[in-house]
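J.: Here it is, the structure, as structure tokens.
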Amino acid sequence: MYITVRQAAEKWGISSNAKKPEDGRFRATESLLTAIDRKKRELDTRRPLTEGERERLTEEFIIEYTYNSNAIEGNTLTLRETDMALRGLTIDRKPLKDHMEAVGHKEAFDFVRDLLKEQVPLSESIIKQIWN
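Those letters in the sequence shown? Residues 5 to 136, per the working numbering, in order.
Here's what the structure looks like:
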């Protein structure tokens, strides 16, 4: 059985035409641009990055990228568990499939990075290699 919004509001003693609250996640474009400019200035003060900093940022990116990409597909590993799986550890009570997806995603990412370094042109054969 379904009830209307008005019926639910009457049942719960609230107004059915209340003004929707502002969503604090979204701000005016100006404040977003100001934040971007501030972060860009902060980043510029830290340049040039050392080799160690670049490696650390790259590693963090790969872990988060792998986690987010796999989570979208239903992978149950947490961000921390994804990090551990990429380091060769297995997580108790987590499907082997989830571990293999994380490792496979990272290997595909590394393969594409190597192709970029070598400036290999994109072809059907390369796309098939990435897919497999």
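Even for Gly, the Cβ is constructed at its ideal location relative to N, Cα and C.
1) Between the alpha carbons of leucine 37 and lysine 43, how many angstroms are there, rounded?
2) Assuming contact is defined by CB atoms lying nearer than 8 Å, are asparagine 74 and histidine 103 in contact in what I supplied?
3) Anyone know if the C-beta pair for arginine 90 and valine 107 falls short of 8 Å?
4) Jot down the residue ranges of each uninterrupted alpha helix (DSSP H) in the segment 34-100, minimum 4 residues, whole runs only, in chain order.
5) Does the beta-carbon distance from alanine 13 to serine 19 come in below 8 Å?
6) Give me the Cα-Cα distance between glutamate 85 and leucine 47, rounded to the nearest whole angstrom.
7) Grab me the residues of phenylalanine 115's own chain with a C-beta within less than 8 Å of its C-beta, minus the 5 sequence neighbours each way, in chain order.
8) Beta-carbon separation of leucine 119 and isoleucine 131 under 8 Å?
9) Between glutamate 68 and leucine 83, is the Cβ-Cβ spacing less than 8 Å?
T.: Reading from the atomic positions:
1) When rounded, the distance between both Cα atoms is 10 Å.
2) The answer is no: Cβ separation not under 8 Å.
3) Reading the sequence as shown, one finds leucine at residue 90 and not arginine. Inclusion of leucine 90 and valine 107 in the CB contact set at 8 Å is warranted, their separation being smaller than that value.
4) Correct list: 55-76 and 83-90.
5) By the CB criterion at 8 Å, alanine 13 and serine 19 fall inside the cutoff.
6) The C-alpha of leucine 47 is placed about 29 Å away from the C-alpha of glutamate 85.
7) When the five nearest sequence neighbours on each side are left out, the beta carbons in the same chain lying within less than 8 Å of the beta carbon of phenylalanine 115 are those of Gln133 and Ile134, in order along the chain.
8) Not closer than 8 Å, so no.
9) Their beta carbons are under 8 Å apart, which means glutamate 68 touches leucine 83 by this criterion.
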